[in-house]
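Student: Sharing a structure here in structure tokens format.
Here it is in structure tokens:
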């Protein structure tokens, strides 16, 4: 279902990353599947799934004079939460209902909903020199972070 990506590669040493070439002059869409199950639950009386938070990061590199993709151009990321299929539907429904009950002034504090995921600019992912030879134009990392790490700008 991805569009506009070619030469998709994975590195066995980087299970949470994929790299590929893309043409910035053409429309490009990337679909990501996260194979994990949420096991975190809220501590409230009625409970419910919290979802497992992940960070999706895209680092863009251009080809240098030696033919390697090591010249960093841009980095962007977003937070995703993974739920069991029925849990995700239920979560979307309850979140939508909660938002509908809020006043217009309260709704301004939240970012609007989009049909596609909007990434926010961020610092590049640290790359070891041994990995440089494997980098292509885009490098997507899905990285699970602990609950005490604040990765997401408010």
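Numbering (the working numbering), first residue to last: -6 to 147. Cβ coordinates follow ideal geometry from the N, Cα and C atoms, glycine included.
Enumerate in chain order the residues of its own chain whose CB-to-CB distance from residue 64 is below 8 Å, with the five nearest sequence positions on each side excluded.
Tutor: Taking the chain shown and counting its residues from 1, the one referred to as residue 64 is at position 71. Closer than 8 Å at Cβ, skipping near neighbours: 54, 55, 56 and 57.
Student: Relative to the C-alpha of residue 66, which candidate in 86, 17 and 75 has its C-alpha closest?
Tutor: Residue numbering aside, residue 66 sits at position 73 when the chain shown is read from its first letter. Looking at the Cα atoms, 17 is the closest of the given residues.
Student: Taking buried to mean at least 16 other C-beta atoms within 10 Å of its own C-beta, is residue -5 buried or exposed?
Tutor: Translated into the one-based positions of the chain shown, residue -5 becomes position 2. Classification for residue -5: exposed.
Student: My output table needs one value for residue 16: the three-state DSSP class, helix, strand or coil.
Tutor: Start at 1 with the first residue of the chain shown, and residue 16 comes out as number 23. Residue 16: coil per DSSP, three-state reduction.
Student: Counting pairs of Cβ atoms below 8 Å between the segment 86 to 102 and the segment 66 to 75, do you hit three or more?
Tutor: no
Student: Would residue 110 pass as a contact of residue 71 if the rule is Cβ separation under 8 Å?
Tutor: In the chain shown, residue 110 corresponds to position 117, counting from 1. In the chain shown, residue 71 corresponds to position 78, counting from 1. Contact flag set, yes.
Student: Looking only at its own chain, which residues have a Cβ that is under 8 Å from the Cβ of residue 92, when we skip the five neighbours before and after it?
Tutor: Counted from its first residue, the chain shown places residue 92 at position 99. 100 and 103.
Student: Going by C-alpha distance, which of 25, 59 and 62 is nearest residue 50?
Tutor: If you number the chain shown from 1, residue 50 lands on position 57. Minimum Cα distance to residue 50 is reached at 25.
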